[in-house]
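There are 2 protein chains.
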Amino acid sequence: MTDTADIPLTVALEDLRIDGLRLIERLENLARLGGIDLQGRPVPDGVVPAGSSRLAATQADGRGRDLVVGWMRDLGLQIRIDEVGNVTGTRPAADGSTDHPVMTGSHIDTVATGGKYDGNLGVLSALEVIATLDEHRIATRRPITVGFFTNEEGARFQPDMMGSLVYAGGLPPSVARAAKDLAGMALGDELTAIGYLGEAPAPGPAPHAFVELHIEQGPVLERDGAVVGAVTGVQGISWTEVRIAGQGNHAGTTPMGSRRDAGLAAARLAVFLDDLARRSPSNQVATVGQVELFPNLVNVIPGRARLTVDLRNIDNAALIAAEQAFRAYVEELAQTYGLEIALANLVRFDPVDFDARVIGLVERTATRLGHPVTRIASGAGHDAQMLARVAPTAMIFTTSHGGISHDPAEWTKPEDLVAAADTLLHVVLELSEGDHLAV
Amino acid sequence: MTDTADIPLTVALEDLRIDGLRLIERLENLARLGGIDLQGRPVPDGVVPAGSSRLAATQADGRGRDLVVGWMRDLGLQIRIDEVGNVTGTRPAADGSTDHPVMTGSHIDTVATGGKYDGNLGVLSALEVIATLDEHRIATRRPITVGFFTNEEGARFQPDMMGSLVYAGGLPPSVARAAKDLAGMALGDELTAIGYLGEAPAPGPAPHAFVELHIEQGPVLERDGAVVGAVTGVQGISWTEVRIAGQGNHAGTTPMGSRRDAGLAAARLAVFLDDLARRSPSNQVATVGQVELFPNLVNVIPGRARLTVDLRNIDNAALIAAEQAFRAYVEELAQTYGLEIALANLVRFDPVDFDARVIGLVERTATRLGHPVTRIASGAGHDAQMLARVAPTAMIFTTSHGGISHDPAEWTKPEDLVAAADTLLHVVLELSEGDHLAV
Chain A
2 MTDTADIPLT VALEDLRIDG LRLIERLENL ARLGGIDLQG RPVPDGVVPA GSSRLAATQA
62 DGRGRDLVVG WMRDLGLQIR IDEVGNVTGT RPAADGSTDH PVMTGSHIDT VATGGKYDGN
122 LGVLSALEVI ATLDEHRIAT RRPITVGFFT NEEGARFQPD MMGSLVYAGG LPPSVARAAK
182 DLAGMALGDE LTAIGYLGEA PAPGPAPHAF VELHIEQGPV LERDGAVVGA VTGVQGISWT
242 EVRIAGQGNH AGTTPMGSRR DAGLAAARLA VFLDDLARRS PSNQVATVGQ VELFPNLVNV
302 IPGRARLTVD LRNIDNAALI AAEQAFRAYV EELAQTYGLE IALANLVRFD PVDFDARVIG
362 LVERTATRLG HPVTRIASGA GHDAQMLARV APTAMIFTTS HGGISHDPAE WTKPEDLVAA
422 ADTLLHVVLE LSEGDHLAV
Chain B
2 MTDTADIPLT VALEDLRIDG LRLIERLENL ARLGGIDLQG RPVPDGVVPA GSSRLAATQA
62 DGRGRDLVVG WMRDLGLQIR IDEVGNVTGT RPAADGSTDH PVMTGSHIDT VATGGKYDGN
122 LGVLSALEVI ATLDEHRIAT RRPITVGFFT NEEGARFQPD MMGSLVYAGG LPPSVARAAK
182 DLAGMALGDE LTAIGYLGEA PAPGPAPHAF VELHIEQGPV LERDGAVVGA VTGVQGISWT
242 EVRIAGQGNH AGTTPMGSRR DAGLAAARLA VFLDDLARRS PSNQVATVGQ VELFPNLVNV
302 IPGRARLTVD LRNIDNAALI AAEQAFRAYV EELAQTYGLE IALANLVRFD PVDFDARVIG
362 LVERTATRLG HPVTRIASGA GHDAQMLARV APTAMIFTTS HGGISHDPAE WTKPEDLVAA
422 ADTLLHVVLE LSEGDHLAV
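First to last, the sequence lines map onto chains A and B.
Using our numbering, read the first sequence as starting at 2 and increasing by one per residue.
Using our numbering, read the second sequence as starting at 2 and increasing by one per residue.
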């Protein structure tokens with residue numbers, strides 16, 4: 002660490018730790034903006050909320066952004082707001098440069114009834130990295146950038162991970178700004194209204210590396226006794242809408258053998274997919290999240306059904322095989338029951354593999370800090386998968402108690418939050434100093 | 002036929018036939034009142050409709066009643082309108098008596114988008130019986146009563162089969178009149194508004210016997226090559242509402258083994274019940290007609306589900322066994338997936354067995370007339386099952402093309418309509434003359 006040799010250290014570099022109490026206090030203070038109780042109802046000022054409702058580019062999101070940008074300014078970061086509202090704050094390198102920073106961050110928008118940690122943890126832990134380095138007067142070989150991306154959740158504007166997708170060059174900023182919510186409001190206008198339609202161009206500058214800390218949003222780390230997850234990549238996602246046309250008929254007068262029951266076919270498909278995923282050796286998951294029957298009456302055999310199928314796998318070949326088995330079973334159902342079944346692809350993303358060097362660094366760092374760590378694939382989409390298009394990238398996960406997320410009941414043990422943020426600190430420090438990314 | 006021996010017959014009694022063209026014309030003319038096209042839209046005056054929308058005690062029902070009562074008056078019947086709007090018209094016996102009539106009829110109310118035949122066929126065929134006897138100047142030993150009952154469908158006011166239930170003494174008339182539709186209108190007030198809140202007391206007089214002609218509303222007769230069904234009874238009905246509470250969770254991050262998927266449990270239950278019914282040797286039917294998932298999002302494992310289960314069987318012991326298997330499987334699902342599952346009984350009717358003597362008479366009569374006949378249990382409820390409480394009762398079914406009913410596409414071949422009405426004519430004639438009901 003030659004660049005920092007002339008600055009007096011109060012502790013050895015390997016003993017650096019973030020300020021856990023400050024992190025938790027900031028998480029709570031950010032949660033108050035759009036704060037809600039466990040039932041999703043707004044809480045009065047002064048009451049500590051369970052979770053938050055800060056849909057992208059709403060007034061609540063604007064207040065959250067103001068709070069975080071204020072903290073960035075307090076830390077002396079160079080603020081950049083781009084033309085889709087992505088915000089970055091950069092701490093220059095020891096030589097004053099701001100090019101090719103090590104970048105870390107996440108998002109602060111939430112779903113309609115979200116938790117305190119999803120996204121926020123990654124952004125506020127990144128601020129801890131900066132604050133900790135500042136407090137110990139540590140200058141780094143490379144600049145460090147803290148960012149939060151617009152509309153990661155996709156709960157108000159589609160697609161999700163929108164800001165990071167634009168940042169990485171995957172979506173024109175004009176298209177993102179034109180995205181409309183259900184009330185017909187355009188993202189661009191809504192960003193203007195909260196003062197976050199910036200002038201910096203998108204796509205943004207590619208960083209030296211990108212690391213995102215995020216809660217797992219699943220039960221695996223907790224179940225396996227790990228505190229930190231070294232995230233190997235993001236599962237591929239396949240969403241299909243299934244529309245089944247049979248024959249509505251009288252539930253009493255129609256013998257079983259004469260039925261063309263669209264609802265039954267929907268049920269058999271859901272069971273087939275569940276069995277398929279449970280039998281798979283590849284961590285395949287399958288979910289039928291939406292089902293609608295028509296006419297949806299107690300005494301009428303459903304003539305039509307609509308359902309959605311969500312298939313995910315980190316292994317693209319296995320995902321393709323699951324999709325093929327799904328389609329073959331749909332054919333079989335159509336034949337067996339005399340149904341017309343139409344499939345429409347809603348979403349299809351290939352799996353994303355993170356950078357092996359950054360994954361290894363996360364794993365080694367957590368181990369060195371004494372935090373039980375395991376490799377894990379992300380089941381959810383994250384901004385990091387967009388940044389992976391332009392920079393060596395990985396993620397750090399920590400536990401989600403009970404696997405609960407996208408809910409005000411989302412909760413992580415404070416010591417796990419701090420362990421993960423400490424891991425982020427040392428990963429960023431290593432990336433900003435070393436040559437881990439040399440080929 | 003001693004009572005009719007002094008009246009000159011133009012044809013031999015066994016050769017009597019109803020006027021098929023008049024029956025079909027009346028079915029069409031009644032269908033015009035509230036007439037709708039195949040999509041359920043009202044048709045302009047003069048256009049022959051596909052079906053009808055005559056919900057009970059609406060203005061359309063009032064116009065339908067006026068038309069049928071007009072035909073009853075043309076036939077010289079003695080009209081009786083009771084305190085829940087049931088209408089009967091009685092043709093006195095040869096001795097002038099109107100006591101203990103042979104009664105036949107059905108209903109003329111429809112579901113919101115109903116067909117031409119459901120109910121109407123039984124009422125207008127009953128008028129054909131009277132007209133045919135009149136035309137041949139045949140007086141009968143017993144009086145004959147033609148009736149139509151209020152609100153059989155239960156599509157506007159609950160319960161269904163309301164008028165016949167009141168007629169048979171199963172529901173106080175004041176309770177029936179107080180029944181409210183979704184707009185808060187009471188049946189009694191709505192009957193007053195259309196001029197059909199009568200003064201005759203309910204329960205009404207028990208007839209000597211009751212026979213109802215109705216379309217099958219199922220595909221069995223057509224499938225089996227029969228034109229007439231000798232209906233042996235009405236299936237018992239068991240309706241249960243199932244509420245499943247699991248854990249809503251992220252579709253990507255929650256491993257299959259960690260899920261408490263309420264939607265999957267609903268699907269497995271629907272498949273189980275379908276398999277149960279198909280395996281049953283007892284003509285068990287099972288239908289899951291309603292399914293609702295919460296939050297019903299493509300990427301969220303359903304945390305809650307609500308569904309309905311409709312089980313029917315003509316054999317009460319078999320129905321009870323099916324209910325027990327259903328509850329046992331619900332227990333198993335709750336255990337396997339860590340769910341809370343609550344069951345609420347919505348409807349439970351024991352099967353109704355019709356009178357063996359009247360069933361046999363229907364069967365023999367159809368055979369004598371040369372119409373292929375089969376014994377069949379009714380999968381749907383009918384006014385006859387209420388009259389069975391107070392008089393020897395059976396029903397005559399005829400075909401429903403494709404089993405379609407409660408839909409403007411409901412259709413029956415004209416020759417089958419006529420064959421069934423001729424069967425009704427001779428069954429009523431036999432009952433009104435003979436001593437078939439002696440013990």
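Cβ atoms here follow ideal geometry from the backbone N, Cα and C, with glycine treated the same way.
Every value quoted in this text rests on a predicted model; they were computed, and no experiment measured them.
For G164 of chain B and V48 of chain B, the gap between their C-alpha atoms comes out near 31 Å. Of the candidates A:I145, A:V69, A:G86, A:A169, the residue whose Cα lies closest to the Cα of L122 of chain A is A:V69.
Under the three-state reduction of DSSP, T99 of chain A is assigned to coil, being neither helix nor strand.
Per the Cβ contact rule, the segment 346-365 of chain A is not in contact with the segment 181-189 of chain A (fewer than 3 Cβ pairs under 8 Å). Under DSSP, V12 of chain A shares a beta bridge with no residue. Using a Cβ-Cβ cut-off of 8 Å, D311 of chain A counts as an interface residue toward chain B, since at least one Cβ of chain B sits closer than that to its own. Cα atoms of A246 of chain A and I302 of chain A: separation of roughly 12 Å, rounded to the nearest angstrom.
In chain order, A51, G52, P409, A410 place their CB closer than 8 Å to the CB of L39 of chain A, counting only its own chain and leaving out the 5 sequence neighbours on each side.
Nearest CB-CB separation between W412 of chain B and chain A: not below the 8 Å threshold. The beta-carbon of S259 of chain B is placed less than 8 Å from the nearest beta-carbon of chain A. Around the beta carbon of L426 of chain B, 16 or more other beta carbons lie within 10 angstroms, which makes this residue buried. Shown here, M73 of chain A sits in a helix according to DSSP, grouped into three states.
Secondary structure at G36 of chain B: strand, using DSSP grouped into helix, strand and coil. A Cβ-Cβ distance of about 35 Å is found for the pair G41 of chain A and R390 of chain A, leaving them out of contact under the 8 Å criterion.
In this structure, DSSP gives L432 of chain B a helical state, which the three-state scheme calls helix. Proximity to L166 of chain A across A:A263, A:L125, A:G205 peaks at A:G205, based on C-alpha coordinates. Comparing alpha carbon positions, the residue from B:V292, B:G148, B:L347 closest to Y168 of chain B is B:G148.
At a cut-off of 8 Å between beta carbons, S406 of chain B contacts chain A. The Cβ atoms of P208 of chain A and A392 of chain A lie closer than 8 Å to each other.
The beta carbon of V348 of chain B sits closer than 8 Å to those of I238, S239, W240, all from its chain and outside the five residues before and after it, given in chain order. Straight through space, the alpha carbons of P93 of chain A and Y197 of chain A are spaced by roughly 23 Å.
A distance below 8 Å separates the beta carbons of A203 of chain A and D83 of chain A.
As DSSP reads the structure, S107 of chain A sits in a beta bridge with A:F149.
Looking at the backbone, the Cα of R244 of chain A and that of L128 of chain A are separated by about 47 Å.
About 43 Å separates the beta carbon of A263 of chain B from that of L388 of chain B, a gap too long to meet the 8 Å contact definition.
Ranked by Cα distance from G234 of chain B, the first of B:L28, B:L312, B:A32, B:M396 is B:M396. In the three-state reduction of the DSSP assignment, E26 of chain A falls in the helix class, which pools H, G and I. Residue contact with chain A for H402 of chain B: absent (no Cβ-Cβ distance below 8 Å to any residue of chain A). In the three-state reduction of the DSSP assignment, E84 of chain B falls in the coil class, being assigned neither a helical nor a strand state.
In the DSSP assignment, Q79 of chain A is bridged to A:T91.
V289 of chain B places its beta carbon 8 Å or farther from that of L312 of chain B.
Between the alpha carbons of Q285 of chain A and V374 of chain B lies a distance of about 55 Å.
Within the segment 193-219 of chain B, E217, Q218, G219 place their CB atoms closer than 7 Å to a CB of chain A, listed in sequence order. With contacts defined by Cβ atoms closer than 8 Å, I109 of chain B and S401 of chain B do not form a contacting pair. Put simply, the segment 20-30 of chain B touches the segment 414-429 of chain B. At least three CB pairs are less than 8 Å apart. For W240 of chain B, the chain A residues whose Cβ falls inside 8 Å of its Cβ are V299, N300, in order along the chain.
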